[in-house]
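In my numbering, the protein residues as written are 2 to 211.
Encoded structure:
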């Protein structure tokens with residue numbers, strides 16, 4: 002049986018939950034309480050020394066410790082529906098947009114949150130090593146997010162999906178990024194009609210409620 006190490010309040014494991022649901026992959030779930038720093042406990046370090054979620058233990062006992070590995074495995078092991086593309090050009094477009102969304106969206110939110118939240122005063126980066134906050138990076142993160150929303154809104158002009166003409170991993174990553182941005186008080190507005198339309202469409206997919 003596949004086991005997902007999850008945290009329902011965190012964005013990164015949400016990406017894995019949505020992917021598993023879209024591919025209808027049966028799995029068990031183990032909750033890791035990030036709020037109480039359970040990811041830094043000795044018990045969880047034995048599971049994942051990187052002290053992060055998600056982590057996915059697959060059938061042979063191998064542990065996958067990031068979304069890139071989890072996505073690659075699930076797409077290869079459960080190829081339908083194809084979420085990384087079917088043709089070389091689709092694969093390239095999806096990989097490119099997924100990377101942009103991670104860098105320009107998810108990392109921008111993390112930059113804004115982790116460098117401003119009092120609860121993360123010594124946790125500016127995830128993982129086993131503590132890093133101090135840099136307040137200027139929080140301000141930059143918000144600016145990056147505002148530009149990211151403008152970029153997505155422009156990309157979605159006349160389009161139903163971000164990367165290609167069908168649903169892909171890029172849409173999953175973007176939904177998580179857009180929703181996560183609310184934690185730093187950035188969300189789509191009337192200035193982003195295409196982004197709002199796309200997000201409303203994505204909400205009709207059952208997996209997006211996870």
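Glycine included, each C-beta is placed from N, C-alpha and C at the ideal position.
How many Å lie between residue 208 and residue 17 at the Cα?
For residue 208 and residue 17, the distance between alpha carbons rounds to 11 Å.
I need the boundaries of the beta strand (DSSP E) containing residue 6, first residue and last residue.
4-7
Would a C-beta distance cut-off of 8 Å place residue 53 and residue 32 closer than the cut-off?
The Cβ atoms of residue 53 and residue 32 lie no closer than 8 Å to each other.
State the Cα-Cα distance for the pair residue 177 and residue 107, rounded to the nearest angstrom.
Cα-Cα distance, rounded: 8 Å.
For residue 144, which of 181, 56 and 105 has the nearest alpha-carbon?
105
How many Å lie between residue 121 and residue 139 at the Cα?
Each residue's Cα considered, the two are about 12 Å apart.
Between residue 9 and the rest of its own chain, which residues show a CB-CB distance below 6 Å, the 5 nearest in sequence each way excluded?
none
Just tell me which of 68, 26 and 146 has its CA closest to the CA of residue 188.
146
Beta-carbon proximity list for residue 3, same chain, < 6 Å, skipping 5 on both sides
28 and 59
Leaving out the 5 sequence neighbours to the left and right, which residues in its chain are closer than 7 Å to residue 56 when beta-carbon positions are compared?
6, 48, 49, 64, 65 and 66
Assuming the contact rule is C-beta atoms closer than 8 Å, residue 213 and residue 116 should be a hit. Round their C-beta distance to whole Å, please.
Any answer about residue 213 is impossible in this case: the structure gives the chain only from 2 up to 211.
Continuous alpha helix (DSSP H) assignments of at least 4 residues falling wholly in the stretch 13-72
Those alpha helix (DSSP H) runs which fall completely within the stretch 13-72 and span 4+ residues are 43-48.
Report yes if the C-beta distance between residue 171 and residue 95 is below 8 Å; otherwise report no.
A contact, by the Cβ cut-off of 8 Å.
Endpoints, the alpha helix (DSSP H) within which residue 136 is located:
136-156
Does residue 132 come out as helix, strand or coil in the three-state DSSP assignment?
strand
Which term fits residue 129, buried or exposed, when burial requires 16 or more other beta carbons within 10 angstroms of its beta carbon?
exposed
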